[in-house]
Amino acid sequence: MRECINVHIGQAGVQIGNSCWELYCMEHGIEKDGTILNESTRRTDDSFSSFFTETGKGKYVPRAIFLDLEPTVIDEVRTGEYRSLFHPEQMISGKEDAANNYARGFYTVGKEVIENVMDRLRKLADQCTGLQGFLIFHSFGGGTGSGF
Numbered sequence: 001m002r003e004c005i006n007v008h009i010g011q012a013g014v015q016i017g018n019s020c021w022e023l024y025c026m027e028h029g030i031e032k033d034g035t036i037l038n039e040s041t042r043r044t045d046d047s048f049s050s051f052f053t054e055t056g057k058g059k060y061v062p063r064a065i066f067l068d069l070e071p072t073v074i075d076e077v078r079t080g081e082y083r084s085l086f087h088p089e090q091m092i093s094g095k096e097d098a099a100n101n102y103a104r105g106f107y108t109v110g111k112e113v114i115e116n117v118m119d120r121l122r123k124l125a126d127q128c129t130g131l132q133g134f135l136i137f138h139s140f141g142g143g144t145g146s147g148f
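Mapping of the sequence shown onto our numbering: residues 1 to 148, in sequence order.
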């Protein structure tokens, strides 16, 4: 099985990721709460397993991490329409943002959360049987998206 881990970094990455997962769910027939729309589709097409992990309760959880050094954008996902789709451990936010400054995202504020992020990525990768790669969504300018 081929599996991909999505990493959404910074405001731009998180907002793009929120939209992407909405489309992934529509494309693969997965409801907002992670349940599958049509069980017969699951038996004939398991292509969604590249992006989703099945839990013990039969719910599908995205193989993704959302990260921002400032909590408001992540909180939009936590309280949004697809809030019950994501596992809470996949949402990582700091206490202060990088203030559109690459150096703060790379050298100071970003260093405070890097261990936590790497630990979560390791856990996601360990759950994969055939990890093919990472899809990284971020901005090139600004602080968290470019510096982290």
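The beta-carbon is built from N, C-alpha and C at its ideal position, and this holds for glycine as well.
Own chain, CB closer than 8 Å to residue i, minus 5 neighbours either side, in chain order
i   : result
R83 : V77
E31 : C25, L37
D33 : K59, S84, L85
Nearest candidate by alpha-carbon position, reference residue i, set the options
i    : options               : result
V109 : R122, L67, L131, D119 : L67
N100 : V7, E27, W21, G141    : G141
L85  : G13, C20, Q132        : C20
Proximity of residue i and residue j at Cβ, strictly below 7 Å
i    : j    : result
S93  : I65  : no
T53  : R63  : yes
H138 : G10  : yes
C4   : S47  : no
N6   : L131 : no
Cα-Cα separation, residue i to residue j
i    : j    : result
L121 : I114 : 10 Å
E81  : T129 : 30 Å
G29  : Q15  : 21 Å
D126 : Q90  : 15 Å
T35  : G58  : 7 Å
L124 : E70  : 23 Å
K111 : G13  : 19 Å
V117 : Y60  : 22 Å
L23  : D119 : 28 Å
E27  : K95  : 35 Å
P88  : T79  : 11 Å
T72  : G133 : 28 Å
Same chain only: Cβ atoms within 7 Å of residue i, ignoring 5 sequence neighbours per side
i  : result
M1 : S49, T129, G130
Beta-carbon proximity list for residue i, same chain, < 6 Å, skipping 5 on both sides
i  : result
H8 : V14, G17, F66, F137
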